[in-house]
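If you read the sequence shown in this note's numbering, its first letter stands for residue 8, the second for the next number, and so on.
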Amino acid sequence: MSAKRINKIAEGVDGTGGVDGYCWITYTLTKAGCGLTVFTRNLTCELEKGVEVPEDLWVAMSRPSGIDKYHAAIAKRLDEETGEHRILDA
């Protein structure tokens with residue numbers, strides 16, 4: 008599964024902000040047995056030279072605290088596409 012964003016990366020829900028460029032988010036899903044699936048996530052951003060990247064974009068891309076909302080959105084999409092998902096507690 009993958010998603011691609013062209014231009015206005017990290018645009019606010021109100022349509023403001025964002026930076027021009029390309030951003031690919033790719034998930035590799037692997038069957039782990041016992042009805043479980045594990046995944047790896049790869050985020051690739053391509054920006055023009057000299058583009059100022061907003062701090063909130065860096066947070067979402069590189070800090071665990073910034074990814075929680077993103078994972079919730081992915082869980083919602085998985086539910087829409089497959090009907091269910093399960094998150095295991097460590």
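All C-beta atoms, glycine included, are put in the ideal place defined by N, C-alpha and C.
Is it true that the CB of Gly28 sits closer than 7 Å to the CB of Leu54?
-> Counting from one through the sequence shown, the residue named residue 54 turns up at place 47. Counting from one through the sequence shown, the residue named residue 28 turns up at place 21. Taking 7 Å as the Cβ cut-off, Leu54 and Gly28 qualify as a contacting pair.
If we ignore side chains and look at the alpha-carbon of each, how far apart do Lys76 and Thr35 end up?
-> Residue numbering aside, residue 76 sits at position 69 when the sequence shown is read from its first letter. Residue numbering aside, residue 35 sits at position 28 when the sequence shown is read from its first letter. Straight-line Cα distance between these residues: approximately 20 Å.
Is Lys38 closer than 7 Å to Thr44 when the C-beta atoms are compared?
-> The residue you call residue 44 lines up with position 37 of the sequence shown. The residue you call residue 38 lines up with position 31 of the sequence shown. Yes, the pair counts as a contact, with Cβ atoms nearer than the cut-off.
Hey, could you find the ends of the beta strand (DSSP E) Thr33 is sitting in?
-> As a position in the sequence shown, residue 33 is number 26, starting the count at 1. Element bounds for Thr33: Gly28 to Gly40.
Close beta carbons around Gly19, own chain, < 8 Å, minus the five adjacent residues each side | To locate residue 19, count along the sequence shown from 1; it is residue 12. Here the set comprises Gly25.
Would you give the residue range spanned by the beta strand (DSSP E) that Asn14 belongs to?
-> For the purposes of this step, residue 14 is taken as the residue at position 7 of the sequence shown. No beta strand (DSSP E) contains Asn14, which DSSP labels as neither H nor E.
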